[in-house]
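Before any comments, here is the structure.
Numbering (the working numbering), first residue to last: 62 to 745.
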């Protein structure tokens with residue numbers, strides 16, 4: 062009898078796996094969101110695909126009921142884990158998914174084995190129908206939580222609650238069959254069977270809602286693990302399938318159950334969802350010509366407002382203008398992923414999370430990036446990858462490229478100080494955290510074929526903090542002509558301009574304090590950030606608010622006008638790896654007063670195109686401003702010097718250098734691929 066029961070259960074698993082695929086496909090093809098409403102459900106149940114899946118499910122259920130009548134729950138129910146293997150493994154491309162499936166099988170298998178060892182008496186023939194009803198309450202509470210969630214969390218919660226109902230239903234069917242066969246009367250057995258049918262119907266509805274919210278693998282993983290764990294536990298605890306269980310066996314069973322559940326959680330994050338990868342607007346082949354297919358990975362990208370985001374955008378569009386097929390992978394600017402092609406570049410926005418430290422800045426969680434990277438690589442099939450950071454998306458792309466032997470160029474825009482300013486970290490912990498952050502960067506970037514940074518000082522920082530080999534200094538570059546044309550529209554008196562985030566490391570308070578003794582100097586502050594309110598309050602406190610305008614974020618057109626309107630540009634920041642704003646001001650022909658810190662000395666030559674002052678020395682900053690305020694001719698001479706210095710930082714030169722680096726990296730890895738792609742960089 063046991064052998065026959067196992068055979069029926071194995072066949073049932075095959076039928077269930079096929080049924081889930083068909084039903085899931087029918088639901089996702091019909092539903093246009095995460096919720097399957099009454100109208101959509103009506104269309105689903107009329108779908109030939111759903112009807113075929115239902116027929117298979119009914120056949121599998123019949124075989125499963127037969128198996129339950131022939132063998133204990135601990136033998137029959139866990140065999141359903143085969144459905145997971147049949148559903149997930151055939152389409153799996155990652156070791157993470159395969160390992161998770163193995164964990165599920167091992168956990169369920171160990172749980173079942175120990176359940177069999179614990180068995181000491183037959184099942185009760187007339188169990189109390191209400192003895193396990195609290196399980197229903199727990200399932201319904203989980204279902205309520207799932208219905209208020211979104212995405213994969215919704216799918217997992219709903220599938221888990223469905224599985225609990227299925228597991229309890231199976232336990233009731235087992236008890237009902239034993240009661241009817243044992244007593245020969247219907248009575249209590251009919252009540253149990255009726256409740257089991259009701260639970261199965263409720264579970265079926267929840268499972269279809271889970272279908273609408275996520276991939277097949279999550280639904281199957283939850284049901285094939287939670288269903289048997291529920292059924293076996295009910296059988297052991299309530300229906301007498303174990304007369305006694307040693308504590309050591311109980312703890313071991315709990316351990317195996319945790320392994321299985323951990324496997325389900327990993328699968329919930331890792332299995333691909335074909336519904337998410339539907340991207341009808343994305344080109345599937347590169348445009349004709351000799352250009353490379355380049356994947357630029359950016360953990361920050363417009364509409365984010367910062368130097369790294371603007372550089373990634375400028376680089377992508379510049380490369381596209383030269384004939385390359387450019388794909389940018391970045392966090393979605395809304396909770397849902399998207400693919401946008403604007404005629405120049407294709408932007409793949411990966412599912413992301415909001416952050417507590419900035420209202421609009423979003424990040425990809427590690428599991429989101431890890432799941433998306435291999436799928437995007439297989440879709441885009443890039444010739445070369447250029448990552449702009451070592452954070453979650455960047456490191457996932459580096460790993461995916463390494464696994465596929467695709468060359469990687471890595472550019473660093475990171476300094477720990479730029480992030481620590483957002484976090485309430487005690488001063489004593491800042492240095493250890495910064496050292497750890499640099500080590501983490503090196504662990505990721507040492508896998509790249511070429512590492513670059515915007516300035517020699519930025520390269521020195523990388524090498525000082527342990528990056529092996531030699532990094533390259535490659536300027537981020539700017540469109541010089543965009544800022545240098547047009548007439549100077551400066552007004553009377555001297556106007557000083559700051560452009561950037563209003564965050565702690567920018568030290569804008571130093572500029573405000575310096576104006577206290579310079580009554581003829583006006584200031585324009587362009588940008589926004591966490592410190593804006595404090596800076597406005599400071600300006601009011603020291604009596605200079607009437608001479609300062611806080612503009613917030615402005616359009617590119619207004620920013621260009623701001624550069625042309627000012628007489629002097631001031632950059633007090635102490636964590637600048639290059640400072641694009643300073644470069645733009647120089648292109649507009651403005652003298653610069655800057656903190657003598659990080660990469661700013663590479664742009665400002667004291668006495669030639671401006672002045673450097675010791676960071677925090679407000680008195681020296683005041684003297685520098687006063688010198689330029691009383692000497693318009695000197696301002697003009699220094700402005701012209703700025704134009705000459707910045708001439709070596711044009712975006713065309715930057716594109717030339719990166720184009721050469723891409724081809725060199727491809728040639729070093731795959732000489733034939735480099736020749737096939739065209740050895741010379743196409744130039745528009």
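The beta carbon of each residue, even a glycine, is placed where N, CA and C say it ideally should be. It should be emphasised that the depicted structure is a prediction, and the values quoted were computed from it without experimental measurement.
Handout entry: Close Cβ partners of residue 726 (< 8 Å) along its chain, the five nearest in sequence each way excluded
Key = Here the question's residue 726 lines up with position 665 in the chain shown. Only 445, 468, 469, 470, 510, 511 meet the Cβ criterion.
Handout entry: Inter-residue Cα distance where the pair is residue 289 and residue 169
Key = As a working note, residue 289 is residue 228 in the chain shown. As a working note, residue 169 is residue 108 in the chain shown. Cα to Cα, residue 289 sits roughly 8 Å from residue 169.
Problem - Contact under 9 Å by Cβ, residue 449 with residue 381 - result: Taking the first residue of the chain shown as position 1, residue 449 is located at position 388. Taking the first residue of the chain shown as position 1, residue 381 is located at position 320. Taking 9 Å as the Cβ cut-off, residue 449 and residue 381 do not qualify as a contacting pair.
Exercise for the section: Give the DSSP-derived three-state secondary structure of residue 474 in the structure shown. Expected result: As a working mapping, residue 474 is identified with position 413 in the chain shown. Note: residue 474 maps to coil in three-state DSSP.
Problem - Ordered list of beta strand (DSSP E) runs contained in the region 379 to 443, each at least 3 residues - result: Entirely contained in the region 379 to 443, the beta strand (DSSP E) runs reaching 3 residues are, in chain order, 386 to 392, 399 to 402, 407 to 411, 414 to 416, 419 to 424.
Practice task
Work out the CA separation of residue 358 and residue 747 for me, nearest whole Å.
Solution key: This structure cannot speak to residue 747, because the chain is shown only from 62 to 745.
Practice task
Specify the secondary structure class of residue 354 as computed by DSSP and reduced to three states.
Solution key: Within the chain shown, the letter at position 293 stands for residue 354. The three-state secondary structure of residue 354, taken from DSSP, is strand.
Practice task
With a 10 Å radius around its C-beta and 16 neighbouring C-beta atoms as the bar for buried, classify residue 473 as buried or exposed.
Solution key: Counting from one through the chain shown, the residue named residue 473 turns up at place 412. Burial call: buried.
Problem - Among 399, 403, 492, 353, nearest to residue 374 - alpha-carbon criterion - result: Within the chain shown, residue 374 is the residue found at index 313, counting from 1. Among 399, 403, 492, 353, the Cα nearest to that of residue 374 is on 403.
Problem - Simplified DSSP state of residue 108, which is helix, strand or coil - result: Start at 1 with the first residue of the chain shown, and residue 108 comes out as number 47. DSSP places residue 108 in coil when its eight states are reduced to three.
Exercise for the section: Grab me the residues of residue 254's own chain with a C-beta within less than 6 Å of its C-beta, minus the 5 sequence neighbours each way, in chain order. Expected result: Against the chain shown, residue 254 aligns to sequence position 193. In its chain, beyond the 5 residues on either side, 237 have a beta carbon closer than 6 Å to the beta carbon of residue 254.
Practice task
Leaving aside the five residues before and after residue 500 along the sequence, list all residues of the same chain whose C-beta is less than 8 Å from its C-beta, in chain order.
Solution key: Position 439 of the chain shown, counted from the start, is the residue given in the question as residue 500. Closer than 8 Å at Cβ, skipping near neighbours: 526, 527.
Handout entry: Nearest candidate by alpha-carbon position, reference residue 573, set 607, 554, 590
Key = Here the question's residue 573 lines up with position 512 in the chain shown. Considering only alpha carbons, the answer is 607.
Practice task
Using beta-carbon positions only, say whether residue 557 and residue 623 come within less than 9 Å of one another.
Solution key: Here residue 557 refers to the residue found at position 496 of the chain shown. Here residue 623 refers to the residue found at position 562 of the chain shown. Residue 557 is not a Cβ neighbour of residue 623, given a cutoff of 9 Å.
Handout entry: Expected contact under 8 Å - CB spacing of residue 660 and residue 432 to nearest Å
Key = Here residue 660 refers to the residue found at position 599 of the chain shown. Here residue 432 refers to the residue found at position 371 of the chain shown. With a Cβ gap of about 36 Å, residue 660 and residue 432 do not count as contacting.
Practice task
Give the range of the alpha helix (DSSP H) segment to which residue 463 is assigned.
Solution key: Position 402 of the chain shown, counted from the first residue, corresponds to residue 463. Segment 453 to 464, the alpha helix (DSSP H) holding residue 463.
Exercise for the section: Could you work out which residue in 415, 372, 466 is closest to residue 540 when comparing CA atoms only? Expected result: Here residue 540 refers to the residue found at position 479 of the chain shown. For the residues 415, 372, 466, the minimum Cα distance to residue 540 belongs to 372.
Practice task
Could you spell out the range, first to last residue, of the beta strand (DSSP E) harbouring residue 608?
Solution key: Residue mapping note: residue 608 aligns to position 547 of the chain shown, counting from 1. Counting along the chain, residue 608 falls outside any beta strand (DSSP E), and DSSP gives it neither H nor E.
Problem - Cα-Cα separation between residue 602 and residue 634, rounded to whole angstroms - result: For the purposes of this step, residue 602 is taken as the residue at position 541 of the chain shown. For the purposes of this step, residue 634 is taken as the residue at position 573 of the chain shown. Within the model, the alpha-carbon separation for residue 602 versus residue 634 is close to 22 Å.
Practice task
Could you please give me the residues that DSSP links to residue 275 through a beta bridge?
Solution key: In the chain shown, the residue the question calls residue 275 occupies position 214. Looking at the DSSP assignment, residue 275 forms no beta bridge with any residue, so it has no partner.
Practice task
Return yes when the Cβ of residue 366 is within less than 9 Å of the Cβ of residue 392, no when it is not.
Solution key: Against the chain shown, residue 392 aligns to sequence position 331. Against the chain shown, residue 366 aligns to sequence position 305. Taking 9 Å as the Cβ cut-off, residue 392 and residue 366 do not qualify as a contacting pair.
Exercise for the section: Identify, in the order they occur along the chain, each residue of the same chain with its Cβ nearer than 6 Å to the Cβ of residue 434, setting aside the five sequence neighbours on each side. Expected result: Reading the chain shown from its first residue, position 373 is the one you call residue 434. Same-chain partners within the cutoff: 457, 458, 461.
Problem - Endpoints, alpha helix (DSSP H) assigned at residue 617 - result: Counting from one through the chain shown, the residue named residue 617 turns up at place 556. 617 to 626 is the span of the alpha helix (DSSP H), which, as asked, contains residue 617.
Problem - Cβ contact check for the region 197 to 212 and the region 261 to 277: 3 or more pairs under 8 Å - result: The region 261 to 277 and the region 197 to 212 touch, with three or more beta-carbon pairs separated by less than 8 Å.
Exercise for the section: List the DSSP bridge partners of residue 718. Expected result: Indexing the chain shown from 1 puts residue 718 at position 657. For residue 718, which the question treats as bridged, DSSP gives no partner whatsoever.
Exercise for the section: Determine which residues share a DSSP beta bridge with residue 556 and list them. Expected result: The sequence position of residue 556 within the chain shown is 495, counting from 1. In DSSP, residue 556 forms a bridge with 583.
Practice task
Throw me the rounded Cβ distance for the residue 579 and residue 686 pair, which I believe falls under 8 Å.
Solution key: Taking the chain shown and counting its residues from 1, one reaches residue 579 at position 518. Taking the chain shown and counting its residues from 1, one reaches residue 686 at position 625. Between residue 579 and residue 686, the beta carbon gap of about 6 Å places them in contact (Cβ cut-off 8 Å).
Exercise for the section: Take the Cβ of residue 617 as the centre, count every other Cβ of all protein chains shown within 10 Å, and call the residue buried at 16 or more, exposed below. Expected result: As a working note, residue 617 is residue 556 in the chain shown. It counts as exposed.
Practice task
Thinking residue 108 and residue 79 are a contact (beta carbons under 8 Å), I'd like their distance in whole angstroms, please.
Solution key: On the chain shown, position 47 is the one that residue 108 refers to. On the chain shown, position 18 is the one that residue 79 refers to. Wrong, their Cβ atoms sit about 15 Å apart, outside the cutoff.
Problem - Inter-residue Cα distance where the pair is residue 514 and residue 643 - result: Reading the chain shown from its first residue, position 453 is the one you call residue 514. Reading the chain shown from its first residue, position 582 is the one you call residue 643. Using only the alpha carbons, I get a separation of about 17 Å.
Practice task
Apply the 10 Å Cβ neighbour rule to residue 489 and answer buried if 16 or more other Cβ atoms are within range, or exposed otherwise.
Solution key: On the chain shown, residue 489 is found 428 positions in, with the first residue counted as 1. By the 10 Å Cβ count, residue 489 comes out exposed.
Exercise for the section: Identify every residue that forms a DSSP beta bridge with residue 667. Expected result: By 1-based counting over the chain shown, the position of residue 667 is 606. The partner list for residue 667 (beta bridge, DSSP) reads 671.
Exercise for the section: Could you pull the start and end residues of the alpha helix (DSSP H) that residue 631 belongs to? Expected result: As a position in the chain shown, residue 631 is number 570, starting the count at 1. Taken as a continuous stretch (DSSP letters only), residue 631 belongs to no alpha helix (DSSP H), being part of the beta strand (DSSP E) at 629 to 632.
Handout entry: Close Cβ partners of residue 679 (< 7 Å) along its chain, the five nearest in sequence each way excluded
Key = On the chain shown, position 618 is the one that residue 679 refers to. Only residues of its own chain outside the window of five on either side were considered, and among them 571, 574, 575 have a CB closer than 7 Å to the CB of residue 679, listed in chain order.
Handout entry: Own chain partners of residue 631 with C-beta closer than 6 Å, once the 5 adjacent residues on each side are dropped
Key = In the chain shown, counting from the first residue as 1, residue 631 sits at position 570. Same-chain partners within the cutoff: 557, 559, 572, 654.
Practice task
Count the C-beta pairs between the region 272 to 286 and the region 113 to 130 that are closer than 8 Å, then say yes if the count reaches three, no if not.
Solution key: Verdict: no, contact absent.
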